[in-house]
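Be aware that the sequence shown starts at 658, since it is given in the numbering used here, and climbs by one per residue.
What follows is a set of notes on a single structure, which appears directly below.
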Amino acid sequence: MSPEQAVFLVGGRGTRLGALTDAVPKPLLEVGGRPFLDILIERAAARGAREVLLLCGYLADQFRDRYHGRVIGGARVACVAEPAPLGTGGALVAARDHLHPSFVLANGDSLFDCDAGALAELPAGPGCLGRIALRPLADTGRSGVVELEGTRITRFAQRGEAGRPGLINGGVYVLERRIVERVGALPCSLEADIFPALAAEGCLHGMVFDGFFIDIGVPEDLARAQTLVPVFHSAGQAQEASP
């Protein structure tokens, strides 16, 4: 069963998109004629989320105006803004009082078709602080690589060997609220500062999914998303509506 709270990281500046994010935050850029974040929230609600929490930063008022207090697909949406750019770990610290004991965390600028319920049920010991949805990649030469033994994540490498396949972080997590206690000096990055240390301690587990993935963080991928995401999302809605 998937945790009832879905948390989205939506505070980034989106500098790689240039002028496109001067006045509109990246997750609110239109994909297929509507804000990309609308699609992410609808998918989270369809998968069982009853509360959606948006961790805002850049242009936070736009998220509040559009989402705060709304109910979308049965999920109530709330926004929490960090006082300054604090990194992904710092965003969780700022939202600590709003987090459920266990929650799904995802990036607000990418869509990964993975089963958060299955990820949450991945067997792990009481010391486990997080479970990460992993993606297989044919060529890891330009990506950070995740090393897995069974279901336990043992190491995060800066990048793989050109032309070699491997596993990478899919940007979707099931985390325990206790992970916030591991955040030290701010700003702090979950990906760079917290996860590698937890992996070394045996506190992180992972599951591999090969579902649809797209990230809208660069202009080329944002352009691809205009056709790919609406088709994928419509197919998913039809499947969920079928008896």
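No residue lacks a Cβ here, since even glycine has one placed at the ideal position from N, Cα and C.
Three-state secondary structure assigned by DSSP to residue i
i           : result
residue 661 : coil
residue 749 : helix
residue 672 : helix
residue 828 : strand
residue 846 : coil
residue 729 : strand
residue 874 : coil
residue 756 : coil
residue 863 : strand
residue 681 : coil
residue 822 : coil
residue 858 : coil
residue 734 : strand
residue 869 : coil
residue 739 : coil
Other residues of its chain near residue i: CB distance less than 6 Å, five sequence neighbours each side excluded
i           : result
residue 819 : 798
residue 713 : 667, 668, 720, 736 and 738
residue 734 : 709, 724 and 727
residue 804 : 811 and 812
residue 847 : 745 and 746
residue 665 : 711, 763 and 765
residue 830 : 762, 787 and 789
residue 717 : 738
Among the options, the one whose alpha carbon lies nearest that of residue i
i           : options               : result
residue 837 : 762, 660 and 723      : 762
residue 672 : 781, 875 and 750      : 875
residue 802 : 747, 825 and 784      : 825
residue 748 : 781, 877 and 834      : 834
residue 854 : 661, 786 and 766      : 786
residue 753 : 768, 840 and 877      : 840
residue 670 : 691, 661, 722 and 745 : 745
residue 827 : 800, 659, 844 and 845 : 800
residue 784 : 717, 857 and 741      : 857
Cβ neighbours of residue i in the same chain (closer than 8 Å, five flanking residues each side left out)
i           : result
residue 732 : 663, 698, 701, 702, 706, 707, 708 and 709
residue 884 : 689
Contact set for residue i: own chain, Cβ-Cβ below 7 Å, skip 5 residues either direction
i           : result
residue 809 : 859 and 862
residue 823 : 794, 797, 802 and 817
Proximity test, residue i beta-carbon vs the ligand NAD heavy atom, cut-off 7 Å
i           : result
residue 711 : For the structure depicted, the ligand NAD is absent and the ligand set is empty, with no information on it obtainable.
Any C-beta of chain C under 8 Å from that of residue i
i           : result
residue 721 : Protein chain content of the structure displayed is limited to a single chain, and chain C is not contained in it.
Pairs of beta-carbons, one from the segment 803-819 and one from the segment 751-766, closer than 8 Å: are there three or more? no
Inside the segment 770-809 only - alpha helix (DSSP H) runs reaching at least 4 residues: 773-777
Below 8 Å, how does it come out for the segment 771-779 and the segment 668-685: are there three or more Cβ pairs, yes or no? no
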